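Using this note's numbering, you'd call the opening residue of the sequence shown number 57 and step up by one each time.
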Amino acid sequence: MENTTFGKNLTKLRVIRGLSKKEFAKAINTPYSTVASWERGEKIPKIERLPTIAKFFNVSEAYLLNNVTDDNDILESTELPTDPIERMAQILIEKYRNIPDEHKPRVEKEILRIAQLLRIEIEMNSQNGK
């Protein structure tokens, strides 16, 4: 197993849950520096730590260790907030963090533009009885 596979899966699961590294480390009683080194792919957890991590995210140990997990698979396997706004915010935050910094201003403008267009479309559909 490649160390980066576990690190990428852990990072995605943590971000989708809306947790900082510090919050996650505290939740599983592990030093922040250890969690950070896992996510960077420098280390992997000891075998006895895996059940705790897997249980925390409601996934199997194999799920954490094997192939890099697709975002949609993670979303289906984790407990996301039931509030649609919170759920969408978490998904967007995770996607946004993966965008290179130099492109973030353009992405922000585009997201706001699309949101505005959708709002207008919804209003027009409401007025037309659709």
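C-beta: ideal position from N, C-alpha, C; glycine also.
It should be emphasised that the depicted structure is a prediction, and the values quoted were computed from it without experimental measurement.
Buried or exposed by the 16-neighbour rule on C-beta atoms within 10 Å, applied to residue i
{"i": "Gln183", "result": "exposed"}
{"i": "Ile109", "result": "buried"}
{"i": "Asn65", "result": "buried"}
{"i": "Glu166", "result": "exposed"}
{"i": "Gly185", "result": "exposed"}
{"i": "Arg70", "result": "buried"}
{"i": "Ile100", "result": "buried"}
{"i": "Met57", "result": "Confidence at Met57 is low in this model, with a pLDDT of 46, below 50, so its placement is unreliable and the value that follows should be read with caution. Exposed: under 16 other Cβ atoms inside 10 Å."}
When the options are compared against residue i, the one with the closest alpha-carbon
{"i": "Glu142", "options": "Arg73, Ser89, Lys78 and Ile170", "result": "Arg73"}
Backbone CA spacing between residue i and residue j [nearest angstrom]
{"i": "Lys102", "j": "Thr90", "result": "11 angstroms"}
{"i": "Pro140", "j": "Asn181", "result": "21 angstroms"}
{"i": "Asn122", "j": "Thr61", "result": "7 angstroms"}
{"i": "Ser116", "j": "Arg105", "result": "13 angstroms"}
{"i": "Pro161", "j": "Ile170", "result": "14 angstroms"}
{"i": "His159", "j": "Lys78", "result": "27 angstroms"}
{"i": "Ile147", "j": "Arg96", "result": "21 angstroms"}
{"i": "Ile178", "j": "Gln172", "result": "10 angstroms"}
Q | Touch test, the segment 100 to 120 against the segment 73 to 90, Cβ-Cβ under 8 angstroms, three pairs minimum | A | yes
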